[in-house]
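In my numbering, the protein residues as written are 16 to 331.
Next comes the structure, spelled out in structure tokens:
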């Protein structure tokens, strides 16, 4: 089975780089197959992908993106599903009432824009467990009633997912900070409206290091015995590249989606730029930019589009 790849990007420029390079890849595949038709059995050049759009990926793991960026990315890739990060600041995932209201307002604004597939967020309590009240906001309640709902007691993780009714929802890697991932899974699975959990299997390094936890989560998701649970897609993410994706696909044959950025921090070239950046860094403006890496992107996309039974033949 060919998995879906979710590319995490933080700018229109990186979306354009991705588009140009995948177009290059498809052209290469078509030319390659014209000279070697036998490869058509092992390569499927039209794999599925979607985008998770953030801002500030270079520091803190991504924040809510500017609406203008989302509009322009949608114009560039109108048929590509867009998942929007909803995160008001870097740091912990324990949010104040004011921050939750900001997140609700951001979701409302993106819904009104009408160009997104869904939202990505996660809330924790001070003890690290899933904040069910603030993640939920009663998914089945019609949109527009959240101000009334805030006046009554809701089961936790409810407040945000409720205003996402009709949209996809991913609980992001705040999941990897929870003290008991299996209990966290059951809490999230009890909340209507959440479709996915993005996780490294609680590994601080990569999803490959957390593969055993991820495998258990996928098995839990496939378990039909819990009447009050709904299936959730487990999305391995963190350190996903050509090498690790091949190993993850072999070790997690039931995984249908993976998350990757294929990007790296880089300093803009040029003497004038370097001088300006050095001065800017001293003023706290930052030095590096987050750029999609063409080689990483094409290498990963090749592995993503290899059929399962041909993975063993891939040279890593």
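Idealized CB from N, CA, C, for every residue including glycine.
Quick caveat: nothing in here was measured; it's all calculated off a predicted structure.
Could you check what DSSP says for residue i in three-state terms: helix, strand or coil?
{"i": "residue 187", "result": "coil"}
{"i": "residue 31", "result": "helix"}
{"i": "residue 251", "result": "strand"}
{"i": "residue 85", "result": "helix"}
{"i": "residue 321", "result": "strand"}
{"i": "residue 169", "result": "Because the pLDDT of residue 169 is 44, which lies under 50, any placement of that residue in the model is unreliable, and the number read from its coordinates should be weighed accordingly. Looking at residue 169 - three-state DSSP - the assignment turns out to be coil, as it is neither helix nor strand."}
{"i": "residue 312", "result": "helix"}
{"i": "residue 135", "result": "strand"}
{"i": "residue 221", "result": "coil"}
{"i": "residue 127", "result": "helix"}
For residue i, which of the options has the nearest alpha-carbon?
{"i": "residue 2", "options": "41, 76 and 141", "result": "Within the shown structure, residues of the chain are numbered from 16 to 331, placing residue 2 beyond reach of any answer."}
{"i": "residue 24", "options": "74, 143 and 305", "result": "305"}
{"i": "residue 267", "options": "22, 215 and 134", "result": "215"}
{"i": "residue 138", "options": "129, 149, 105 and 195", "result": "149"}
{"i": "residue 106", "options": "309, 327, 271 and 74", "result": "74"}
{"i": "residue 191", "options": "184, 200 and 183", "result": "200"}
{"i": "residue 62", "options": "280, 279, 277 and 271", "result": "271"}
{"i": "residue 185", "options": "219, 218, 236 and 133", "result": "133"}
{"i": "residue 217", "options": "310, 209, 279 and 232", "result": "232"}
{"i": "residue 251", "options": "269, 294 and 104", "result": "269"}
{"i": "residue 278", "options": "310, 174 and 208", "result": "310"}
Here's the rule: buried if 16 or more other CB atoms are within 10 angstroms of the residue's CB, otherwise exposed. What is residue i?
{"i": "residue 324", "result": "exposed"}
{"i": "residue 195", "result": "exposed"}
{"i": "residue 187", "result": "buried"}
{"i": "residue 100", "result": "buried"}
{"i": "residue 67", "result": "buried"}
{"i": "residue 89", "result": "buried"}
{"i": "residue 281", "result": "exposed"}
Going by the beta-carbon positions, is the gap between residue i and residue j smaller than 8 Å?
{"i": "residue 126", "j": "residue 96", "result": "no"}
{"i": "residue 13", "j": "residue 22", "result": "Nothing can be reported for residue 13, as the shown portion of the chain is limited to 16 through 331."}
{"i": "residue 122", "j": "residue 179", "result": "yes"}
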